[in-house]
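In the working numbering, the protein residues as written are 185 to 457.
Idealized CB from N, CA, C, for every residue including glycine.
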Ligand SMILES: NC(=O)c1ccc[n+]([C@@H]2O[C@H](COP(=O)([O-])OP(=O)(O)OC[C@H]3O[C@@H](n4cnc5c(N)ncnc54)[C@H](OP(=O)(O)O)[C@@H]3O)[C@@H](O)[C@H]2O)c1
């Protein structure tokens, strides 16, 4: 169900309280997996800089609650699974009908339902990881690229994918998740080579960011885990949103195919996620 907030529904959020650059004025973005965590922070930053967003996630109620925290008229939401082709098509139709075009696609939705060795990983779970994290990412780009009503090429749109440091170096317990994120980085380069000059494609690769997703990696031992990070702390969603904003904005108009590692120095110090 599409939900559009009314002008009277909510006051402007706190992210609008200080003046910020308006790099996304007139721009339209889709951010998948944006009812909380990194995706929500990205969507908030795009809106704070003048853009409008369509946010997605599976759980309709949580998504509607997240949408209600945006300033009026800046957000719409559509619930569905990132790995469902019908959902992707519905989002593209909705964005075309509502906004008349698309400028930024942030492939943020990602899963890691399993912690353990790759020898213990059931192949069905491995397929699901690939389906959401890799095929889903490609499917969203294809859906945007082929939708005439979005004019994604004509508007010189761009894509930002969520990878992970687990895709740079093997990480204990989340090995196959890392395989899917390595694929996302390679896909980012492949798409960048294919889709230029009109469309840019970049990625970010965070280490541990404090969200529901990563709780198992730090909860109850945050000080111990943070000690591996030269910058002395774990990431927060805004650390990632800032970098996504750089790639998505005109600041990066000569940048494509890149993955920016956002890890508080973890990999440089020989650490793993
Ligand atoms: N947090 C980290 O440490 C970290 C590090 C590296 C990379 N990343 C990547 O960053 C991205 C966001 O992670 P996060 O930490 O922000 O996670 P999060 O706080 O758990 O948020 C995940 C968001 O995605 C939605 N989602 C999950 N599975 C989905 C699916 N199959 N289809 C559609 N929406 C889905 C969730 O809502 P519903 O549950 O309602 O669907 C939620 O809105 C992921 O791609 C993750 O791999 C995270």
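Span of the alpha helix (DSSP H) around residue i
{"i": "residue 274", "result": "269 to 283"}
{"i": "residue 232", "result": "221 to 232"}
{"i": "residue 379", "result": "359 to 379"}
{"i": "residue 395", "result": "First-last for residue 395: undefined, no H or E at that position."}
{"i": "residue 321", "result": "320 to 330"}
{"i": "residue 421", "result": "421 to 432"}
CB-CB length for residue i against residue j, believed under 8 Å
{"i": "residue 334", "j": "residue 328", "result": "6 Å"}
{"i": "residue 347", "j": "residue 369", "result": "5 Å"}
{"i": "residue 406", "j": "residue 418", "result": "7 Å"}
{"i": "residue 350", "j": "residue 365", "result": "6 Å"}
{"i": "residue 355", "j": "residue 457", "result": "4 Å"}
Beta-carbon contacts of residue i that lie in its chain and below 6 Å, excluding the five residues immediately before and after
{"i": "residue 250", "result": "219, 224"}
{"i": "residue 343", "result": "289, 325, 385"}
{"i": "residue 462", "result": "In the structure displayed, the chain extends from 185 to 457; residue 462 sits before or after that span and is not available."}
{"i": "residue 271", "result": "264, 265"}
{"i": "residue 238", "result": "214, 260, 279"}
{"i": "residue 246", "result": "219"}
{"i": "residue 429", "result": "229"}
N-terminal and C-terminal residue of the beta strand (DSSP E) that residue i is part of
{"i": "residue 209", "result": "Neither: residue 209 is in no beta strand (DSSP E) and is coded neither H nor E."}
{"i": "residue 355", "result": "It is not in any beta strand (DSSP E) - residue 355 carries neither H nor E in the DSSP assignment."}
{"i": "residue 302", "result": "It is not in any beta strand (DSSP E) - residue 302 carries neither H nor E in the DSSP assignment."}
{"i": "residue 467", "result": "It is not possible to answer for residue 467, since the shown part of the chain is limited to 185 through 457."}
{"i": "residue 410", "result": "Residue 410 -> not in any beta strand (DSSP E); alpha helix (DSSP H) instead, spanning 406 to 410."}
{"i": "residue 289", "result": "288 to 291"}
Neighbourhood of residue i by C-beta distance below 7 Å, restricted to the same chain and skipping five residues each side
{"i": "residue 273", "result": "327"}
{"i": "residue 191", "result": "With a pLDDT of 35 at residue 191, under the threshold of 50, the modelled position of this residue cannot be trusted; read the value that follows with caution. These residues qualify, in order along the chain: 256, 257."}
{"i": "residue 437", "result": "none"}
{"i": "residue 410", "result": "416, 417, 418"}
{"i": "residue 280", "result": "331, 333, 334"}
{"i": "residue 464", "result": "Residue 464 cannot be examined here, being either before or after the span of the chain that is shown, 185 to 457."}
{"i": "residue 283", "result": "212, 236"}
{"i": "residue 427", "result": "388, 444, 446"}
{"i": "residue 382", "result": "337, 340"}
Contact under 8 Å by Cβ, residue i with residue j
{"i": "residue 439", "j": "residue 386", "result": "yes"}
{"i": "residue 424", "j": "residue 388", "result": "yes"}
{"i": "residue 213", "j": "residue 287", "result": "yes"}
{"i": "residue 413", "j": "residue 449", "result": "yes"}
{"i": "residue 266", "j": "residue 293", "result": "yes"}
{"i": "residue 446", "j": "residue 353", "result": "no"}
{"i": "residue 240", "j": "residue 217", "result": "yes"}
{"i": "residue 285", "j": "residue 207", "result": "no"}
{"i": "residue 395", "j": "residue 230", "result": "no"}
{"i": "residue 305", "j": "residue 298", "result": "yes"}
Cβ-based neighbour list, residue i, same chain, cut-off 8 Å, excluding 5 preceding and 5 following
{"i": "residue 296", "result": "313, 358, 361, 397"}
{"i": "residue 194", "result": "Any answer about residue 194 is weak, because its pLDDT of 32 lies below 50 and its placement is not dependable; what the coordinates show is given next. Taken in chain order, the residues that qualify are 252, 253, 254, 255, 256."}
With 16 other Cβ atoms within 10 Å as the buried cut-off, status of residue i
{"i": "residue 261", "result": "buried"}
{"i": "residue 435", "result": "exposed"}
{"i": "residue 443", "result": "buried"}
{"i": "residue 420", "result": "exposed"}
{"i": "residue 204", "result": "exposed"}
{"i": "residue 235", "result": "buried"}
{"i": "residue 390", "result": "buried"}
{"i": "residue 400", "result": "exposed"}
{"i": "residue 380", "result": "exposed"}
{"i": "residue 320", "result": "buried"}
Distance cut-off 7 Å: residue i Cβ against heavy atoms of ligand 3
{"i": "residue 261", "result": "Annotation note on ligand 3: not contained in the displayed structure, which lists ligand 1 as its ligands."}
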